[in-house]
Structures are given as structure tokens and as C-alpha cells.
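Let me begin by presenting the structure, written as C-alpha cells, before commenting on it.
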Amino acid sequence: MPYATITNVTIDENRKKVILQIGNIEKSFKYQMKDCFGSPQDETLRAFFRYLKSIKKFI
20 MPYATITNVT IDENRKKVIL QIGNIEKSFK YQMKDCFGSP QDETLRAFFR YLKSIKKFI
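In terms of our numbering, the sequence shown opens at residue 20 and continues consecutively.
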């Protein structure tokens with residue numbers, strides 16, 4: 020998804036939830052720290068959060 024379409028980003032690490040607003044539509048996603056095989060995904064999530072936080076700078 021191109022970051023230009025995102026109008027707002029909320030990351031709630033306590034509730035393990037990401038909320039993306041695209042125009043007037045808001046979608047929330049829950050995440051886990053491990054994938055379906057039990058492998059840790061900490062670094063992947065940190066990279067994703069860095070990406071989302073970089074988007075917030077341009078909104």
C-alpha cells in the first residue's frame with residue numbers, strides 16, 4: 020500500500036494493535052510477537068513500526 024493513501028496511523032503497542040486510516044475508512048489490525056510456527060517476529064515488527072512511524076512524518 021503506498022503511504023500516500025494513508026491519512027492517519029496509530030500504533031498501540033500495549034494492546035498489540037495498529038490502526039490505519041485511509042481516507043474516511045479506518046481499519047484496525049491485531050498482531051502477535053510470534054508467527055504461526057512459533058518463531059519470534061520482533062525484528063520484523065520493529066521494522067514495520069519504523070515504516071509506519073516514518074509515514075506519520077509525511078501526514
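We put the beta carbon where it would ideally sit given N, CA and C, even for glycine. Since we're looking at a predicted model, the values are computed, not measured.
Have a look at residue i and residue j and give me their C-alpha separation to the nearest angstrom.
i	j	result
ARG65	LEU71	10 Å
ILE38	LYS75	12 Å
ILE27	GLU62	Note on residue identity: the sequence assigns Asn, not Ile, to residue 27. Distance between the alpha carbons of ASN27 and GLU62 is about 23 Å.
ASP31	SER47	10 Å
PHE77	PHE67	16 Å
PHE56	ILE44	32 Å
Might you give, ordered along the chain, the residues of its own chain that have their beta carbon closer than 7 Å to the beta carbon of residue i, omitting 5 neighbours on each side?
i	result
PHE54	Note that residue 54 is Asp in the sequence shown here, rather than Phe. Excluding residues within five positions, the ones whose Cβ falls inside 7 Å are GLN60.
Is it the case that the Cβ atoms of residue i and residue j are separated by a distance below 8 Å?
i	j	result
ILE41	THR24	yes
Spatial neighbours of residue i within its chain, please: C-beta separation below 8 Å, excluding the five flanking residues on both sides.
i	result
TYR50	LYS35, LYS36, VAL37 and LEU64
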